[in-house]
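S.K.:
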Amino acid sequence: MIGRLARDRQGQAAADSSGLAEGLDYTLGKALQLMSADAAAVWLLDDATGEPRIAHQMGYGAPFACAGPEPSAFHVRECLARGGPMQVDTVAEAAGGRECPCAAAGLFSALYAPLSVEGRTLGALGVYKASPHRFSTAEHNLLSVFAGMAGLAIARSRLYQETREQLLELGVLSQASEALNAPADREALMQVIVGQAMEVMNASACCLVLVDEDGQVMQHRSGGLDQAHRHNLEVETALARRVMGADRAIAAWDVAASVLPIDRALAERERLVSVASAPLVHQRKAVGVIHIYTRERRLFEEPSLRLLSTFANHAAAALEHAYLFEELVRTEAARRLLEQSQARANTLANLHEAAQEFGTTLVLDQVLDLLCRATGQIGAPDMLTIRMADATGSLSRVMRAKGLSAAYLDGLCRGQCSSLAAEMAVEVAATMRPVLVGDLSEIRDSPDYPALLKEGTRSFGIFPLTARGRVIGSICVGYRTPRRFDPEVVEGLAPLAHYAGSAIQNALLYEHEREVQREKDEFFSIVAHELRSPLTAINGYAQLLNRVLPAGSDELLRRSATSIIEQTRRLRELVDNLLDSSRLALGRFALERAEVDLAVLARQVVESLQVSTDKHAIQISVPDTCVALCDQKRVHQVLENLIGNAIKYSPAGGPIEVKLEADGQEARLSVRDHGIGISPDHLSHIFERYYQVETADGARSGLGVGLNVCQEIVLAHGGRIWAESKPGEGSIFYFALPLGYEEGRAG
Numbered sequence: 051m052i053g054r055l056a057r058d059r060q061g062q063a064a065a066d067s068s069g070l071a072e073g074l075d076y077t078l079g080k081a082l083q084l085m086s087a088d089a090a091a092v093w094l095l096d097d098a099t100g101e102p103r104i105a106h107q108m109g110y111g112a113p114f115a116c117a118g119p120e121p122s123a124f125h126v127r128e129c130l131a132r133g134g135p136m137q138v139d140t141v142a143e144a145a146g147g148r149e150c151p152c153a154a155a156g157l158f159s160a161l162y163a164p165l166s167v168e169g170r171t172l173g174a175l176g177v178y179k180a181s182p183h184r185f186s187t188a189e190h191n192l193l194s195v196f197a198g199m200a201g202l203a204i205a206r207s208r209l210y211q212e213t214r215e216q217l218l219e220l221g222v223l224s225q226a227s228e229a230l231n232a233p234a235d236r237e238a239l240m241q242v243i244v245g246q247a248m249e250v251m252n253a254s255a256c257c258l259v260l261v262d263e264d265g266q267v268m269q270h271r272s273g274g275l276d277q278a279h280r281h282n283l284e285v286e287t288a289l290a291r292r293v294m295g296a297d298r299a300i301a302a303w304d305v306a307a308s309v310l311p312i313d314r315a316l317a318e319r320e321r322l323v324s325v326a327s328a329p330l331v332h333q334r335k336a337v338g339v340i341h342i343y344t345r346e347r348r349l350f351e352e353p354s355l356r357l358l359s360t361f362a363n364h365a366a367a368a369l370e371h372a373y374l375f376e377e378l379v380r381t382e383a384a385r386r387l388l389e390q391s392q393a394r395a396n397t398l399a400n401l402h403e404a405a406q407e408f409g410t411t412l413v414l415d416q417v418l419d420l421l422c423r424a425t426g427q428i429g430a431p432d433m434l435t436i437r438m439a440d441a442t443g444s445l446s447r448v449m450r451a452k453g454l455s456a457a458y459l460d461g462l463c464r465g466q467c468s469s470l471a472a473e474m475a476v477e478v479a480a481t482m483r484p485v486l487v488g489d490l491s492e493i494r495d496s497p498d499y500p501a502l503l504k505e506g507t508r509s510f511g512i513f514p515l516t517a518r519g520r521v522i523g524s525i526c527v528g529y530r531t532p533r534r535f536d537p538e539v540v541e542g543l544a545p546l547a548h549y550a551g552s553a554i555q556n557a558l559l560y561e562h563e564r565e566v567q568r569e570k571d572e573f574f575s576i577v578a579h580e581l582r583s584p585l586t587a588i589n590g591y592a593q594l595l596n597r598v599l600p601a602g603s604d605e606l607l608r609r610s611a612t613s614i615i616e617q618t619r620r621l622r623e624l625v626d627n628l629l630d631s632s633r634l635a636l637g638r639f640a641l642e643r644a645e646v647d648l649a650v651l652a653r654q655v656v657e658s659l660q661v662s663t664d665k666h667a668i669q670i671s672v673p674d675t676c677v678a679l680c681d682q683k684r685v686h687q688v689l690e691n692l693i694g695n696a697i698k699y700s701p702a703g704g705p706i707e708v709k710l711e712a713d714g715q716e717a718r719l720s721v722r723d724h725g726i727g728i729s730p731d732h733l734s735h736i737f738e739r740y741y742q743v744e745t746a747d748g749a750r751s752g753l754g755v756g757l758n759v760c761q762e763i764v765l766a767h768g769g770r771i772w773a774e775s776k777p778g779e780g781s782i783f784y785f786a787l788p789l790g791y792e793e794g795r796a797g
């Protein structure tokens, strides 16, 4: 079971990486569409070198990524140094005079914008033209806004991947802990530890070495090796001392070339290639080491070494508990040991439950409430504060508090009781480790001592909230009695703070993304509103020109005027849809209800659209009358949009059938065409905002907001909308409205 979980952990990391690639593919597709570009690429900074590398690309020409530093990265580095959009008139002008892969792919001009999240640069987004092109200020601004949204999506994907790995790691450790707590006999437990270590780390072999106070080997167990082989205990002792001296897990990807004192004769006989070792530490005392070997070359990265260290510490605790159990099985200490084991199991269970719950919400208040509850279950504090870092990195923002007086909290928020907190926050941020004060008398000289004493605090601990390697806040737990912080409490609160840090960072990113989305909707609303006046003027002058042209005028001139009128009408429809979509997102959408004869309205829409096509026969079937309480303009908009789509997606012509039926409770209208139809993959997404379906020639038209606006209008009436379709057989779009008044989403 544990081996499967460990393999699932590796598989999930690959799956999450694949999910990021799909997200980048979607991002570049949108960038190509919005910027009318020929190619697009996402450049991400390499974690090891800090150099920009192409992570994904799409569009015109052959792939232009290459091994080693690309000459094109010269422009990306310059863009990141500027911190804003950068125009490149000729991409072939790269540093060093080397041939530019972008130019070799047939690209000419480029525009880059940084991908940044909360002041942290992830890379850049680039769009390319295959011909000389000078990008406008509006295009610069549009790419900047889109790059900001793409940066958020990339950061969220990375955080999501990290959270998934942590949850799977926790599952592995939870399963392993159950197995380690089972055997009471120390000899049997050592063999269980060896087997569990091989499963958890997916290793070929394992050696467990216990040492005495002088560092001499006193017990030894191995698994996955030929038991006839004799171990060189002198070498084992030297290696154990080296690992315990390092105070952390260490690894060698090539045993033969390693400087570690490894039993190379054994490694050669058993064909062992790579090794990772971790000290067994219990209550800050090293009691042995554990080595895991693989027969294939493996680069043990930080997550794997952290998992091995955590397992080793659990194994050390289990061995110590087994030893105490053997010595004190008939005494009160044996009962205490069982209580500690149960407390550790409860802590793991609470920690596992909290980690799962953190993944269920992106609302910051809910994450903080979950953190308060989990802290209470694990640490049972008398007092609690959760603080977040401000712009300067100081842990001064109090987000949650419990068990403290209003006067103390007021002083805390005003900075009157913060010197000790500030001093310890610096230590927490520097070491990323908890600070524990078991007796308040230890800080008698602190200016905060009187205030804490007045609050009844006698001991406290500060645990850092971390996300992506930095401290973003802290949890402070306080108690009314001096206490020694139990290992199970520290081992529970420390990882809880780590998991909570990732959840809080996700919530903050989500809030920031919503704010960016709101600003984008506000921007689109303003742009759409400003476009209406010039469009009205263009349409008016075009109609005037069409009317004043004398009979016998040049036919091309008359067709041009007619085309301007038609294209202006289409552009006005796009602008109206964009404006409606923005109003919906900003909560500015309202209905003007009145009694409307839907039969009359349907006939009017059909008559107005029939003149726009000579390839389709729009057939209508309606009762004599059908009155509903609705917004006539909005229902007209929905029906016109559905019939317009039916015309667009049946390019070969043919009948379009509009039908109105009523059953006493609701009126149902349907629009049926016999065109290209919609695949099942697209059908479930067609009402989503900005989602587009390809036309018959494989192109995408419009903004992808029309059907979303239709859905919101129908839902605002308390109605429903849906579609049925088969590729090649056409589509049927339905929407139903209540005949009486029914509260919907708006109005």
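Residues 51 to 797 (this note's numbering) make up the sequence shown, in order. Built from N, CA and C at the ideal position, the CB exists for glycine as well.
On the three-state DSSP scale, how would you describe F785?
M.R.: Residue state, collapsed to three classes: strand.
S.K.: Buried or exposed for M294, going by 16 or more other Cβ atoms inside 10 Å?
M.R.: buried
S.K.: Rounded to a whole number of angstroms, what is the C-alpha to C-alpha distance between A155 and H125?
M.R.: A155 and H125 have their C-alpha atoms roughly 16 Å apart.
S.K.: Go ahead and label D498 buried or exposed: buried means 16 or more other beta carbons lie within 10 angstroms of its beta carbon, across all protein chains shown.
M.R.: buried
S.K.: State buried or exposed for T187, treating a residue as buried only when at least 16 other CB atoms are found within 10 Å of its CB.
M.R.: Taking every protein chain shown into account, the CB of T187 has fewer than 16 other CB atoms within 10 angstroms, so this residue is exposed.
S.K.: Excluding five sequence neighbours on each side, which residues of the same chain lie with their C-beta closer than 7 Å to the C-beta of A592?
M.R.: A611, I614, I615 and T618
S.K.: For the beta strand (DSSP E) holding R298, just list the boundary residues, first then last.
M.R.: Counting along the chain, R298 falls outside any beta strand (DSSP E), and DSSP gives it neither H nor E.
S.K.: Have a look at R533 and R321 and give me their C-alpha separation to the nearest angstrom.
M.R.: About 51 Å.
S.K.: For A81 and G176, what's the separation of their Cα atoms in angstroms?
M.R.: 9 Å
S.K.: Mark V261 as exposed unless 16 or more other C-beta atoms lie within 10 angstroms of its C-beta, in which case mark it buried.
M.R.: buried
S.K.: Three-state secondary structure (DSSP) at I726?
M.R.: coil
S.K.: Counting along the chain, where does the alpha helix (DSSP H) carrying G426 start and finish?
M.R.: L414 to G429
S.K.: By how many angstroms is the C-alpha of A299 removed from the C-alpha of Y549?
M.R.: 22 Å
S.K.: Can you tell me whether V759 is helix, strand or coil according to DSSP?
M.R.: helix
S.K.: Can you name the start and end residues of the alpha helix (DSSP H) that G245 belongs to?
M.R.: In the DSSP annotation of this structure, the continuous segment of the alpha helix (DSSP H) that includes G245 starts and ends at R236 to M251.
S.K.: Taking all protein chains shown into account, decide if S455 is buried (16 or more other Cβ within 10 angstroms of its Cβ) or exposed.
M.R.: exposed
S.K.: Express the C-alpha separation of A766 and H562 in angstroms, rounding to a whole number.
M.R.: In this structure, the straight-line span from the alpha carbon of H562 to that of A766 is close to 28 Å.
S.K.: In this structure, how does DSSP classify Q333 when only helix, strand and coil are distinguished?
M.R.: coil
S.K.: Can you check whether the CB of L165 is closer than 8 Å to the CB of C172?
M.R.: Looking at the sequence shown, residue 172 is not Cys but Leu. The Cβ-Cβ distance between L172 and L165 falls below 8 Å.
S.K.: Taking the C-alpha atoms as reference points, what is the distance between P730 and A678?
M.R.: 33 Å
S.K.: By Cβ distance below 6 Å, which residues in the same chain neighbour K665 in space, the five residues on each side in sequence not counted?
M.R.: G703
S.K.: Thinking C-alpha only, which one of P514, A393 and S308 is nearest A480?
M.R.: It is P514.
S.K.: Kindly identify the DSSP beta-bridge partner or partners of P705.
M.R.: As computed with DSSP, P705 is found in a beta bridge with A667.
S.K.: For V337, which residues in the same chain have their Cβ closer than 8 Å to its Cβ, ignoring the five residues on either side in sequence?
M.R.: L260, V261, L330, V331, A366, L369 and E370
S.K.: Could you tell me the alpha carbon to alpha carbon distance between G778 and N695, rounded to whole angstroms?
M.R.: 15 Å
S.K.: Can you give me the start and stop residues for the beta strand (DSSP E) that P151 sits inside?
M.R.: Premise fails: P151 lies in the alpha helix (DSSP H), P151 to A154, not in any beta strand (DSSP E).
S.K.: DSSP three-state label for Q466, please.
M.R.: Low confidence applies to Q466: its pLDDT is 48, below 50, so where it sits in the model is not reliable enough to give any reading.
S.K.: Which stretch, first to last residue, makes up the beta strand (DSSP E) that contains F513?
M.R.: S509 to A517
S.K.: Alpha carbon to alpha carbon, what distance is there between A203 and I588?
M.R.: 39 Å
S.K.: First and last residue of the alpha helix (DSSP H) that includes Q660?
M.R.: For Q660, the enclosing alpha helix (DSSP H) begins and ends at L648 to Q660.
S.K.: Give a yes or no on whether the C-beta atoms belonging to L490 and L502 are separated by under 8 Å.
M.R.: yes
S.K.: Do the region 760-775 and the region 92-109 touch if we need at least three Cβ pairs shorter than 8 Å?
M.R.: no
S.K.: Less than 8 Å separating the beta-carbons of V242 and S272?
M.R.: Judged by beta-carbon spacing, S272 lies beyond the 8 Å limit of V242, meaning their Cβ atoms are not closer than that value.
S.K.: Measure how close the beta-carbons of L546 and L401 come, nearest whole angstrom, since I'm counting them as under 8 Å.
M.R.: 6 Å
S.K.: Taking the alpha-carbon of R208 as reference, which of V685, G274, A328 and L559 has the nearest alpha-carbon?
M.R.: L559
S.K.: Given A786, which residues of its chain have a CB within under 6 Å of its CB, disregarding the five upstream and five downstream residues?
M.R.: When the five nearest sequence neighbours on each side are left out, the beta carbons in the same chain lying within less than 6 Å of the beta carbon of A786 are those of E716, R718, G769 and R770, in order along the chain.
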